[in-house]
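To start, the structure under review is shown below, and the notes come after it.
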Amino acid sequence: MALPKIEKLVLATHNAGKVAEIGAMLAPMGIHVVSAGELNLPEPDETETTFVGNALLKAHAAAKVTNLPCLADDSGLCVNALNGDPGVYSARWAGPGKDFAMAMQTVHDKLGAGDDRSAYFICVLALVYPDGSEYVFEGRVNGTLVWPARGVGGFGYDPMFAPDGETRTFGEMTPAEKKNYSHRAIAFAALVDAL
Numbered sequence: 011m012a013l014p015k016i017e018k019l020v021l022a023t024h025n026a027g028k029v030a031e032i033g034a035m036l037a038p039m040g041i042h043v044v045s046a047g048e049l050n051l052p053e054p055d056e057t058e059t060t061f062v063g064n065a066l067l068k069a070h071a072a073a074k075v076t077n078l079p080c081l082a083d084d085s086g087l088c089v090n091a092l093n094g095d096p097g098v099y100s101a102r103w104a105g106p107g108k109d110f111a112m113a114m115q116t117v118h119d120k121l122g123a124g125d126d127r128s129a130y131f132i133c134v135l136a137l138v139y140p141d142g143s144e145y146v147f148e149g150r151v152n153g154t155l156v157w158p159a160r161g162v163g164g165f166g167y168d169p170m171f172a173p174d175g176e177t178r179t180f181g182e183m184t185p186a187e188k189k190n191y192s193h194r195a196i197a198f199a200a201l202v203d204a205l
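Numbering follows the numbering used here, in which position 57 of the sequence shown is assigned residue number 67; successive positions increment by one, without gaps.
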């Protein structure tokens with residue numbers, strides 16, 4: 011599948027960490043990237059109950075306002091022992107102040123001492139063109155939760171997640187190192203192949 015060429019793309023996010031990570035991945039393709047935050051677009055309420063639903067909702071909302079191709083992601087941490095929570099509610103667990111130290115503590119507190127600490131990060135990218143056509147790409151990385159959280163890199167739950175095959179957490183890795191494992195990088199590889 012070859013997608014229509016894109017010269018300018020709106021990232022439907024206000025998350026500076028995502029803007030930096032996604033912008034770096036798209037830069038080699040010569041695509042001019044602008045974020046919803048830079049355009050002062052409102053953040054739509056994420057009312058869907060799936061990653062795909064929320065990503066499409068955000069991308070369609072931005073495409074409708076800007077009349078440009080829009081890319082949105084919905085991603086989160088899914089903990090097996092917590093029946094997939096926080097999942098699509100990962101950001102909400104951090105509260106209105108986006109306090110991910112609190113969110114990581116909540117995950118840790120909900121896990122019992124002997125609980126399975128396996129988890130995975132998932133990223134769903136939704137690309138929506140102004141004509142309403144939509145494309146979805148997914149990436150997933152399995153790993154283990156560590157406590158206490160380690161590292162100051164990355165964002166969100168990165169400091170408590172060590173991908174399979176690594177002893178370091180995403181929070182202890184450089185962006186280039188994280189890209190070798192990242193759920194977002196896996197989803198982006200599929201997007202780049204399509205473009």
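Glycine included, each C-beta is placed from N, C-alpha and C at the ideal position.
Residue i classed as buried or exposed, judged by whether at least 16 other C-beta atoms fall within 10 angstroms
i: residue 190; result: exposed
i: residue 102; result: exposed
i: residue 50; result: exposed
i: residue 204; result: exposed
i: residue 96; result: buried
i: residue 181; result: buried
Cβ neighbours of residue i in the same chain (closer than 8 Å, five flanking residues each side left out)
i: residue 19; result: 36, 41, 42, 43, 44, 78, 79, 80, 81
i: residue 21; result: 28, 29, 32, 33, 43, 44, 45, 46, 80, 81, 82
i: residue 121; result: 89, 91, 92, 127, 155
i: residue 85; result: 61, 100, 131, 132, 133, 134, 193, 194
Short Cβ contact (9 Å threshold) for residue i with residue j
i: residue 168; j: residue 179; result: yes
i: residue 147; j: residue 201; result: yes
i: residue 135; j: residue 65; result: yes
i: residue 100; j: residue 149; result: no
i: residue 117; j: residue 170; result: yes
i: residue 188; j: residue 163; result: yes
Close Cβ partners of residue i (< 7 Å) along its chain, the five nearest in sequence each way excluded
i: residue 54; result: 67, 68, 71
Close-in-space but distant-in-sequence residues of the same chain around residue i (CB under 6 Å, 5 per side omitted)
i: residue 198; result: 35
i: residue 166; result: 110
Beta-ladder partner(s) of residue i, from DSSP
i: residue 89; result: 129
i: residue 96; result: 88
Whole alpha helix (DSSP H) elements within the region 98 to 150, 4-residue minimum: 110 to 120
Which runs of the alpha helix (DSSP H) fall wholly inside the region 12 to 66 and span at least 4 residues, in chain order? 26 to 36
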